[in-house]
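In the numbering used here, the protein residues as written are 89 to 489. Notes to accompany the following structure.
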Amino acid sequence: MKIDFNDIPGQSPLYLDYLYNFKKVAKYYIKDFRNEAIYEPHFKDVLSKYPSDRKQVTQTIKNQYLSKRISTKTSQNIKLLEEKNTLAVVTGQQLGIAGGPLYTIYKTITAIKLANLLAQKYPDMNFVPVFWLAGDDHDFEEISSINVINNDNKVEKITYSVEEEGEKEAGSVGGIRLEQEIEDFITSLGSSLRTTEFTQDVIGYLSSIYQQGRTIAESFSEMMFKFFDKYGLVIFNPQTEDVKRLLVPVFRKEIENYRAHATKLISVSAGLDEEYHAQVKIRPINLFVNNERGRYLLDPLENNEFRLKRKKVKFTKDELLQLLESSPGMFSANVILRPVCQDYLFPTAFYVGGPAEISYFAQIIQLYKAFNIATPIAYPRISATIVEKVFKLSPRSLIFQ
Numbered sequence: 089m090k091i092d093f094n095d096i097p098g099q100s101p102l103y104l105d106y107l108y109n110f111k112k113v114a115k116y117y118i119k120d121f122r123n124e125a126i127y128e129p130h131f132k133d134v135l136s137k138y139p140s141d142r143k144q145v146t147q148t149i150k151n152q153y154l155s156k157r158i159s160t161k162t163s164q165n166i167k168l169l170e171e172k173n174t175l176a177v178v179t180g181q182q183l184g185i186a187g188g189p190l191y192t193i194y195k196t197i198t199a200i201k202l203a204n205l206l207a208q209k210y211p212d213m214n215f216v217p218v219f220w221l222a223g224d225d226h227d228f229e230e231i232s233s234i235n236v237i238n239n240d241n242k243v244e245k246i247t248y249s250v251e252e253e254g255e256k257e258a259g260s261v262g263g264i265r266l267e268q269e270i271e272d273f274i275t276s277l278g279s280s281l282r283t284t285e286f287t288q289d290v291i292g293y294l295s296s297i298y299q300q301g302r303t304i305a306e307s308f309s310e311m312m313f314k315f316f317d318k319y320g321l322v323i324f325n326p327q328t329e330d331v332k333r334l335l336v337p338v339f340r341k342e343i344e345n346y347r348a349h350a351t352k353l354i355s356v357s358a359g360l361d362e363e364y365h366a367q368v369k370i371r372p373i374n375l376f377v378n379n380e381r382g383r384y385l386l387d388p389l390e391n392n393e394f395r396l397k398r399k400k401v402k403f404t405k406d407e408l409l410q411l412l413e414s415s416p417g418m419f420s421a422n423v424i425l426r427p428v429c430q431d432y433l434f435p436t437a438f439y440v441g442g443p444a445e446i447s448y449f450a451q452i453i454q455l456y457k458a459f460n461i462a463t464p465i466a467y468p469r470i471s472a473t474i475v476e477k478v479f480k481l482s483p484r485s486l487i488f489q
């Protein structure tokens, strides 16, 4: 059964127009995902503007897979990324405990299926599905819980909580090491789930992956690897030092040109606010600095100086650029600059996202132009509600209120 998004309350008008009335939003997105006539020129544009060294990027991926026994399909896809006629179909998500929302899986399936479909339709090109681990995000509270249907057939929120939770919210979540409380989380999950023939295997599976001492990024990556490795999904962790080293040109340009970038972003966002809504608040500069105490926004000051937000630590512009060269791992992009980093490293033809991501994508087209990187086509992920075979639905049962 198919349901039109127009029939579901609470949908973003911007997202609905992107799906069904692209002419109204063309000035924000430029490229219509439904218009296959633009695909081949788009592919050429992405390849001609791709700025990175393919072998360097591929080597960082190989480094991340050293401890894994990967499938033939994934191994082939990693090698294909070195080829000049290879494009990426990218998706990604915050590193939710136990996988987080089900749409993480939907996004991944969409990326894999789209890459396969494109490979069949354009045999002279290669298309590789890539999952970007959003471990630089700092919102621990958002990723620390999941909602499940419990034994009483009610939605229950199960949370992984630790005493130092407030401190952990300040840093990048990907590097947080799981503590003993993860065992309590798994136990609570097992107690809440309705008992089926799958329950024991699911809980045992999660217990083997989410273990004390592992980082959240390691556990999430391992889960996605076990689910999707056989389908050739390339899982990419942008938090490693060698990846941050490759991103130095992007971070440097943001530091040197943040005023011009912010001006363009504010202009587009103002237009969106008049017609729809601006999904993301524009910051003066789109970078964080990480240290042992956490992750801090940069605030520009007068006289070419910068300060860590709510801290007394200051840098001159030259000092900040020197820190970038010596310690690139201390820097990370915010939600606005992150897609540019992604598409600086990968020749991204399509980005698979949900309604919120596609909405904020409208704000950042001008930033791609500033970095002279081709904008990927935003491709909506599948949306679905899974119903057991024993149930039958009628249109009357799907009246949304």
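Heads up, the beta-carbon is just placed ideally off N, CA and C, and yes, glycines get one too. None of these values were measured; they are calculated from a predicted model.
>> What would DSSP say about Ser-471, mapped onto helix, strand or coil?
In response: In this structure, Ser-471 counts as coil in the three-state DSSP scheme.
> For Leu-205, is the classification buried or exposed, using 16 other Cβ atoms within 10 angstroms of its Cβ as the cut-off for buried?
Replying inline: A residue is called buried once 16 or more other Cβ atoms fall within 10 Å of its Cβ, and Leu-205, having fewer, is exposed.
>> On the DSSP letters alone, give me the boundaries of the beta strand (DSSP E) that Gly-180 sits inside.
In response: Start and end: 174-181.
> Along the chain, which unbroken stretches of the beta strand (DSSP E) at least 3 residues long are found entirely within the region 238-287?
Replying inline: 243-247, all fully within the region 238-287.
> For the putative contact between Asn-37 and Ala-458, defined by C-beta atoms under 8 Å, what is the C-beta separation to the nearest angstrom?
Replying inline: Nothing can be reported for residue 37, as the shown portion of the chain is limited to 89 through 489.
> Would you call Ser-279 buried or exposed, if buried means 16 or more other Cβ atoms sit within 10 Å of its Cβ?
Replying inline: Classification of Ser-279: exposed, given that the 10 Å Cβ count is below 16.
> Nearest-angstrom Cα distance between Met-213 and Thr-160?
Replying inline: Rounded to whole angstroms, Met-213 to Thr-160 spans 19 Å at the Cα level.
> Looking only at DSSP bridge pairs, what is Tyr-364 linked to?
Replying inline: According to the DSSP secondary-structure assignment, Tyr-364 is paired through a beta bridge with no residue.
>> Which same chain residues end up closer than 7 Å to Asp-112 when comparing Cβ atoms and leaving out the 5 residues on each side of it in sequence?
In response: According to the sequence displayed, residue 112 carries Lys and not Asp. In chain order, Asp-105 place their CB closer than 7 Å to the CB of Lys-112, counting only its own chain and leaving out the 5 sequence neighbours on each side.
> Taking just the CA atoms, how far does Arg-122 sit from Thr-287?
Replying inline: Roughly 40 Å separates the two Cα atoms.
> In terms of DSSP beta bridges, what is Val-216 paired with?
Replying inline: Its beta-bridge partners are Ala-176.
> Assuming Arg-469 contacts Thr-198 under a Cβ cut-off of 8 Å, what Cβ separation, rounded to an integer in Å, is found between them?
Replying inline: That pair is a contact at about 5 Å.
> Just checking my contact of Val-322 with Pro-416 at CB under 8 Å: how many whole Å lie between their CB atoms?
Replying inline: Cβ-Cβ separation between Val-322 and Pro-416: approximately 22 Å, too far for a contact (criterion under 8 Å).
> According to the neighbour-count rule (16 or more other Cβ atoms, all chains shown, within 10 Å of its Cβ), is Ser-471 buried or exposed?
Replying inline: The residue in question, Ser-471, is exposed, as its Cβ has fewer than 16 Cβ neighbours within 10 Å.
>> So, under 8 Å CB-CB, Glu-342 and Leu-433 are touching, yes? Tell me the CB distance rounded to an integer number of Å.
In response: The Cβ separation is near 15 Å, so there is no contact.
> Who pairs with Ala-350 in a beta bridge, going by DSSP?
Replying inline: Ala-350 pairs with nothing; no bridge assigned.
>> Can you find the residues in the same chain that come closer than 8 Å, C-beta to C-beta, to Glu-170, ignoring five residues on each side of it along the sequence?
In response: Excluding sequence neighbours, Glu-170 sits near Arg-142, Lys-143 and Thr-146.
> Thinking C-alpha only, which one of Pro-189, Pro-326, Asp-361 and Glu-230 is nearest Gly-223?
Replying inline: The candidate whose alpha carbon is nearest that of Gly-223 is Pro-326.
>> Ignoring anything shorter than 3 residues, give me the beta strand (DSSP E) runs that lie fully in the region 143-176, in order along the chain.
In response: As summarised for the region 143-176, there are no continuous beta strand (DSSP E) elements at least 3 residues long confined to that stretch.
> From Gly-98 to Pro-443, what distance separates their C-alpha atoms?
Replying inline: Rounded to whole angstroms, the separation of the alpha carbons of Pro-443 and Gly-98 is 11 Å.
> Between the C-alpha atoms of Phe-228 and Ser-307, what's the straight-line distance to the nearest angstrom?
Replying inline: Rounded to the nearest angstrom, the two C-alpha atoms are 15 Å apart.
> Do Val-423 and Tyr-439 have their C-beta atoms within less than 8 Å of each other?
Replying inline: No, these two residues do not count as a Cβ contact at 8 Å.
> Nearest-angstrom Cα distance between Tyr-490 and Val-331?
Replying inline: The chain is shown from 89 up to 489; residue 490 falls before or after that span and cannot be answered.
> For Tyr-103, which residues from the same chain have a beta carbon less than 7 Å from its beta carbon, with the 5 sequence-adjacent residues on both sides left out?
Replying inline: So the list reads Pro-443, Ile-446 and Ser-447, once near-sequence residues are dropped.
> Since Tyr-106 is in the alpha helix (DSSP H), which residue starts that stretch and which ends it?
Replying inline: Looking at the DSSP string, the run of the alpha helix (DSSP H) that includes Tyr-106 is 101-108.
> At a cut of 8 Å, does the region 258-265 reach the region 295-312 through at least three beta carbon pairs?
Replying inline: Flag = yes, the region 258-265 and the region 295-312 touch.
>> Could you pull the DSSP bridge partners for Asp-330 from this structure?
In response: Checking the DSSP bridge columns, you'll see Asp-330 has no partner listed.
>> Considering only the alpha carbon of each residue, which of Glu-310, Asn-239 and Asp-120 lies closest to Thr-283?
In response: Of the candidates Glu-310, Asn-239 and Asp-120, the one whose C-alpha sits nearest the C-alpha of Thr-283 is Asn-239.
> Where Gln-489 and Gly-441 are concerned, what is the direct C-alpha to C-alpha distance, given to the nearest angstrom?
Replying inline: Because the pLDDT of Gln-489 is 48, which lies under 50, any placement of that residue in the model is unreliable, and the number read from its coordinates should be weighed accordingly. Computed Cα separation, rounded: 26 Å.
> Helix or strand or just coil, what does DSSP make of Ile-96?
Replying inline: Correct three-state label for Ile-96: coil.
>> Quick check: the Cα distance between Lys-369 and Glu-310, rounded to an integer number of angstroms?
In response: For Lys-369 and Glu-310, the distance between alpha carbons rounds to 33 Å.
> Cα separation between Asp-120 and Ile-465?
Replying inline: Using only the alpha carbons, I get a separation of about 7 Å.
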